[in-house]
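Here the protein sequences line up with chains A and B, keeping their order.
Okay, so the first sequence: first residue is 110 according to my numbering, each after it adds one.
Okay, so the second sequence: first residue is 110 according to my numbering, each after it adds one.
Every residue gets a Cβ at the ideal spot worked out from N, C-alpha and C, and that includes glycine.
Step one of this worksheet: look at the structure below.
2 protein chains.
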Amino acid sequence: MDRAACQRLDQEDPLSRFRARFMSPKKDTIFLDANSMGAMPVTVPERLTSFCTDQWVELRRQGWTHSPWLQRPGQIGDAIAHLMGAGEGNVVVSDNTTVNLYKILTYAWRARSSGTLILTEDGNFPTDLYVAQGLGHAHQDQPKAHVCSSRSELVSRIGADTAVVYLSHADYRTGERWDMADINRRAHAAGALTVWDLSHSTGAIPVDLIGDDADFAVGCGYKYLSGGPGGPAYLWVHPRHAEKGWPTICGWMGHRDVFAFATKYEPLAGAGRHATGTPAVIADEIFFCAAEIWQEVDQNLLWAKHQALGDLTIELLEQECGPLGVTVNTPRDYRQRGGHIGFSHPGAGPVSEALLEAGVVGSFRRPNSLRFGLGPLYLSFEDIWEAIARLRQILEDNRWQDERFQQVSV
Amino acid sequence: MDRAACQRLDQEDPLSRFRARFMSPKKDTIFLDANSMGAMPVTVPERLTSFCTDQWVELRRQGWTHSPWLQRPGQIGDAIAHLMGAGEGNVVVSDNTTVNLYKILTYAWRARSSGTLILTEDGNFPTDLYVAQGLGHAHQDQPKAHVCSSRSELVSRIGADTAVVYLSHADYRTGERWDMADINRRAHAAGALTVWDLSHSTGAIPVDLIGDDADFAVGCGYKYLSGGPGGPAYLWVHPRHAEKGWPTICGWMGHRDVFAFATKYEPLAGAGRHATGTPAVIADEIFFCAAEIWQEVDQNLLWAKHQALGDLTIELLEQECGPLGVTVNTPRDYRQRGGHIGFSHPGAGPVSEALLEAGVVGSFRRPNSLRFGLGPLYLSFEDIWEAIARLRQILEDNRWQDERFQQVSV
Chain A
110 MDRAACQRLD QEDPLSRFRA RFMSPKKDTI FLDANSMGAM PVTVPERLTS FCTDQWVELR
170 RQGWTHSPWL QRPGQIGDAI AHLMGAGEGN VVVSDNTTVN LYKILTYAWR ARSSGTLILT
230 EDGNFPTDLY VAQGLGHAHQ DQPKAHVCSS RSELVSRIGA DTAVVYLSHA DYRTGERWDM
290 ADINRRAHAA GALTVWDLSH STGAIPVDLI GDDADFAVGC GYKYLSGGPG GPAYLWVHPR
350 HAEKGWPTIC GWMGHRDVFA FATKYEPLAG AGRHATGTPA VIADEIFFCA AEIWQEVDQN
410 LLWAKHQALG DLTIELLEQE CGPLGVTVNT PRDYRQRGGH IGFSHPGAGP VSEALLEAGV
470 VGSFRRPNSL RFGLGPLYLS FEDIWEAIAR LRQILEDNRW QDERFQQVSV
Chain B
110 MDRAACQRLD QEDPLSRFRA RFMSPKKDTI FLDANSMGAM PVTVPERLTS FCTDQWVELR
170 RQGWTHSPWL QRPGQIGDAI AHLMGAGEGN VVVSDNTTVN LYKILTYAWR ARSSGTLILT
230 EDGNFPTDLY VAQGLGHAHQ DQPKAHVCSS RSELVSRIGA DTAVVYLSHA DYRTGERWDM
290 ADINRRAHAA GALTVWDLSH STGAIPVDLI GDDADFAVGC GYKYLSGGPG GPAYLWVHPR
350 HAEKGWPTIC GWMGHRDVFA FATKYEPLAG AGRHATGTPA VIADEIFFCA AEIWQEVDQN
410 LLWAKHQALG DLTIELLEQE CGPLGVTVNT PRDYRQRGGH IGFSHPGAGP VSEALLEAGV
470 VGSFRRPNSL RFGLGPLYLS FEDIWEAIAR LRQILEDNRW QDERFQQVSV
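Laid out in structure tokens, this is it:
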């Protein structure tokens, strides 16, 4: 594999036209951090400027009725639903990931048929674990969060005492992917429900919530989905559970008639009841710029491109940098991979700093692993070649051992 | 009172220089909807543009460490703390008002010493009521929300079975204000705690949380505080309660060491533990533009100006429009008033529509009341004169009875 072969892959890429829909950085930086922060749609600055002057300044409170402020969350949800096999009207854009995890995990606990344990693993993202621990801490009748220390332990532990199986679909460190259909089957056989965190999956790898018979899901808006720094998150409820009871947080946006200003709560029909209070209007407007792109994207082409980028990254890491101390951590088997490729090197921290100076933005995780998050709509195959060529150079000339790279940021 | 007298009041206004810090609309619209949506700081569009190009595009995930994304919520909280007598470090900017109400009401319920009732009144904002009803609905051991139908009933109902007194400081319809110190005293005497919604107060009327011995408070960021449509809300916890236990929603932003990625939850010291997940970075950047203004504002001058605007509004409504069917609903006594002035007219709906056409944006509430929300930093006394002159004209020539105003929006 060489640069010319990568360029040929780019020429044949059916999604290459989407690259121009995202803003390129001024310098020739290659951003491989889509697992942390997705690229910006080019329409965002202009949209924000016109929002500010035409809507905030000229409409003020009339924006609620004269602009689609209240419709945006549903529009965004429907525009990204095909990326996760979610069906129409079931994806609710609201709040941040942590709040949505809390809402959905609490709701799943109440909707369960039996069991006392929330089963999870220590590879789940910290905030996911904290939410579960917080539920267990709150009340005597609340679930006990059981944190397994390995995937095999978790699989063998699913049983009659399991209330909810609560997992990140793809591991935020290694990029390892769960077999969602298999876990859903095992959980349902034991009478348990499943809650999936899709933050490191949606917009990168195949997700088929309805096809794989999941119960609930939550995900981040600002990673692969390019919803903007700190932008709104989403939640998904299988239609069979959507109306099982009142939502965890009853708010006016989940009321049957928002502008009736009724004093009694009555839930909205469907998953929409799980919205809480006032939507994040400006943040939604930003996310909507990305949603306009996502609704044009064929999910099968997206996933195929992402797989090809991942295959190339693994191949080049081993071909170019394997002899220089790099070991790929992420499983070779595509069906076991998430949105990013993880690899280790004894000097991973300083190597990460040297990469930043060389204009390659990946991310470092203690003690010795690096991650390249692959955004399929704006990364080219040649970008991968170039990033790994820069990595090779850093390793070959031992640049990473320089004094200035020893102070490592998170 | 006439236009010239209003102009003299403007000349003597020590806060008049702040008017230029907010964007004026292109047309000569007078916005009297600060109780729904505050005006935009002039710095917002430029700040957003540079945020997008310099931070989102050029930094991507490095924004977490190279930009003040994680510091903004605390900076905003400290910049608005003097407007509510909150002390430093106790105001947490996060989530929306509904989610904060849920977090704080649940926490207050757990922190109570006795009682089974959450005492509230039907003048509380609907989403506040829904949150309380949702808590009562959830579990057997949860509080029962008791919704009083009058203020006098609520006062007399506070007793040994009261766990939490849960009120909006200023009524969103009539603008009537509670005596916060008095209610706190009565609640504490009965062994209960208090939770105040300050959405219709902070940035307009005096609030003194510590001086009045409140326990908890929550408020909206996008009304008087000009935090931007759907912008983040805030919560306040009295230092004596801040560390009474784990927060309701345990998330990574409330963890003792955010970037340790620890698998076990340990709460952050102080009120900061009540933050949940990823902050709303771009929305915080917008709110920060307003916070930069608020930290320059002397709260006593602010409150005096707001009182003077309210006094003038009442005087002119009665002088100019009293004989034309207008009745002021808001109490005359300043100590009983909130941020807006409410008044009624038999044709309030069509009158509101006619006012919109005439460039006066107030708001209508069924069946027959209108509200003028007064933003003290950008409204002039002459604005009030002009708005009420337009109202008088509409009433005098019976324009509001025209066919085209009979279709009334919310």
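In the DSSP assignment, the alpha helix (DSSP H) including residue i goes from what residue to what residue?
i, result
"Gly243(A)", "235-247"
"Ile503(B)", "490-505"
"Trp403(B)", "390-403"
"His297(B)", "289-298"
"Thr229(A)", "No alpha helix (DSSP H) holds Thr229(A); the beta strand (DSSP E) holding it covers 226-230."
"Ser159(B)", "153-159"
"Ile213(A)", "206-220"
"Gly419(A)", "408-425"
"Thr174(B)", "172-175"
"Val166(A)", "Here Val166(A) belongs to no alpha helix (DSSP H), and DSSP marks it neither H nor E."
"Gly328(A)", "Where Gly328(A) is concerned, there is no enclosing alpha helix (DSSP H), although the beta strand (DSSP E) it sits in stretches over 325-328."
Please list the terminal residues of the continuous beta strand (DSSP E) segment that includes residue i.
i, result
"Tyr253(B)", "Note on identity: in this sequence residue 253(B) is Lys, with Tyr being the wrong assignment. Residues 253-257."
"Ser203(B)", "200-203"
"Gly339(B)", "Segment: none, Gly339(B) is in no beta strand (DSSP E) and carries neither H nor E."
"Thr303(A)", "302-306"
"His449(A)", "449-453"
"Leu479(A)", "478-482"
"Arg260(A)", "No beta strand (DSSP E) contains Arg260(A), which is instead part of the alpha helix (DSSP H) from 260-266."
"Ser145(B)", "Taken as a continuous stretch (DSSP letters only), Ser145(B) belongs to no beta strand (DSSP E), as it is neither H nor E."
"Ala272(A)", "271-277"
"Arg474(A)", "472-474"
Which whole-angstrom value is the C-beta distance of residue i and residue j, which I expect to be below 8 angstroms?
i, j, result
"Arg499(A)", "Val460(A)", "Contact doesn't hold; Cβ gap of about 11 angstroms is too wide."
"Ala313(B)", "Tyr281(B)", "Incorrect: roughly 13 angstroms between the Cβ atoms, too far for contact."
"Ala290(B)", "Asp322(B)", "7 angstroms"
"Cys324(B)", "His350(B)", "This sequence places Asp at residue 324(B); Cys is not what is there. Indeed they touch by this definition, with Cβ atoms about 6 angstroms apart."
"Gly484(B)", "Ala113(B)", "Actually they are not in contact, since the Cβ atoms of Gly484(B) and Ala113(B) sit about 23 angstroms apart, beyond 8 angstroms."
At a CB-CB cut-off below 7 angstroms, which residues of chain B make contact with residue i?
i, result
"Val166(A)", "Met132, Pro134, Met149"
"Gly448(A)", "Under the 7 angstroms cutoff, chain B gives no residues; its nearest Cβ is about 14 angstroms from Gly448(A)."
"Asp231(A)", "Thr372"
Name, please, each residue of chain B whose Cβ falls closer than 8 angstroms to the Cβ of residue i.
i, result
"Gln242(A)", "Cys359, Lys373, Tyr374"
"Met289(A)", "None at all; the shortest Cβ gap to chain B is about 22 angstroms."
Could you work out which residues of chain A lie near residue i, taking near to mean beta carbons separated by less than 7 angstroms?
i, result
"His309(B)", "Near His309(B) there are no residues of chain A at all, since even the closest Cβ is about 13 angstroms away, more than 7 angstroms."
"Trp345(B)", "By Cβ distance, chain A contributes nothing, its closest Cβ being about 17 angstroms from Trp345(B), past 7 angstroms."
"Phe473(B)", "What Phe473(B) touches in chain A: nothing, since even the nearest Cβ is about 11 angstroms away."
"Tyr211(B)", "Ile358"
"Ser518(B)", "Thr174"
Identify the contact partners of residue i in chain A, using a Cβ-Cβ distance below 9 angstroms as the criterion.
i, result
"Thr162(B)", "Met132, Lys135, Met149, Pro154"
"His364(B)", "Pro235, Thr236, Tyr239"
"Val470(B)", "Leu168, Arg169, Arg170, Gln171"
"Trp355(B)", "Gln242, Gly243, His246, Ala247"
Run through chain A and tell me which residues come within less than 8 angstroms of residue i, C-beta to C-beta.
i, result
"Val208(B)", "Asp204, Val208, Ile358, Gly360, Thr385, Gly386"
"Leu157(B)", "Pro154, Leu157, Thr158, Cys161"
"Val256(B)", "Thr372"
"Gly339(B)", "Trp178, Thr387, Pro388, Ala389, Val390, Ile391, Ala392, Asp393"
"Tyr216(B)", "Those do not exist, as Tyr216(B) stays about 10 angstroms from chain A at its closest Cβ, beyond 8 angstroms."
Mind listing the chain B neighbours of residue i? Cutoff is C-beta to C-beta under 9 angstroms, in chain order.
i, result
"Cys142(A)", "One point to set straight first is that residue 142(A) is Asp, not Cys, in the sequence displayed. Chain B residues near Asp142(A): Arg169, Arg170, Gln171."
"Gly284(A)", "Here the premise fails: no neighbours, minimum Cβ distance about 16 angstroms."
"Ala110(A)", "Checking the sequence, you will find Met at residue 110(A) rather than Ala. Neighbours of Met110(A) on chain B: none; closest Cβ ~27 angstroms, over 9 angstroms."
The stretch 303-319 of chain B in contact with the stretch 268-275 of chain B per 3-pair CB rule at 8 angstroms: yes
* Should the stretch 370-377 of chain A be called in touch with the stretch 156-170 of chain A, which here means at least 3 C-beta pairs below 8 angstroms? -> no
Interface residues of the stretch 193-205 of chain A facing chain B [CB-CB below 8 angstroms]: Asp204, Asn205
(request) Assess, as a yes-or-no matter, whether the stretch 182-192 of chain B is touched by the stretch 214-225 of chain B under the definition of 3 or more beta carbon pairs within less than 8 angstroms. (result) no
Is the stretch 228-244 of chain A touching the stretch 407-427 of chain A in the sense that three or more CB pairs, one from each, lie closer than 8 angstroms?
no
Which residues of the stretch 379-397 of chain A have a Cβ closer than 8 angstroms to any Cβ of chain B? Give them in chain order. Thr385, Gly386, Thr387, Pro388, Ala389, Val390, Ile391, Ala392, Asp393, Ile395
Report the residues of the stretch 166-182 of chain B with a CB closer than 8 angstroms to any CB of chain A, ordered along the chain. Val166, Glu167, Arg169, Arg170, Gln171, Gly172, Trp173, Thr174, Trp178
- Item | Three-pair Cβ contact test at 8 angstroms for the stretch 488-495 of chain A versus the stretch 111-128 of chain A | yes
Mind the definition here: the stretch 386-400 of chain B touches the stretch 199-210 of chain A only if three or more C-beta pairs lie below 8 angstroms; say whether that holds.
yes
- Query: For the stretch 485-516 of chain B, which residues have a CB atom closer than 9 angstroms to at least one CB atom of chain A, in sequence order?
  - Reply: none
Residues of the stretch 442-468 of chain B with Cβ closer than 9 angstroms to any Cβ of chain A, in chain order:
Leu465
Q.
With three or more beta-carbon pairs closer than 8 angstroms as the criterion, would you say the stretch 467-481 of chain A touches the stretch 138-157 of chain A?
A. yes
- Query: Per the contact definition of three or more C-beta pairs closer than 8 angstroms, is the stretch 196-208 of chain B in contact with the stretch 338-348 of chain B?
  - Reply: yes
Is it a yes or a no for the stretch 160-176 of chain A touching the stretch 497-513 of chain A, going by three-plus beta-carbon pairs under 8 angstroms? no
Segment contact, 8 angstroms Cβ cut-off, at least three pairs: the stretch 249-262 of chain B with the stretch 220-230 of chain B: yes
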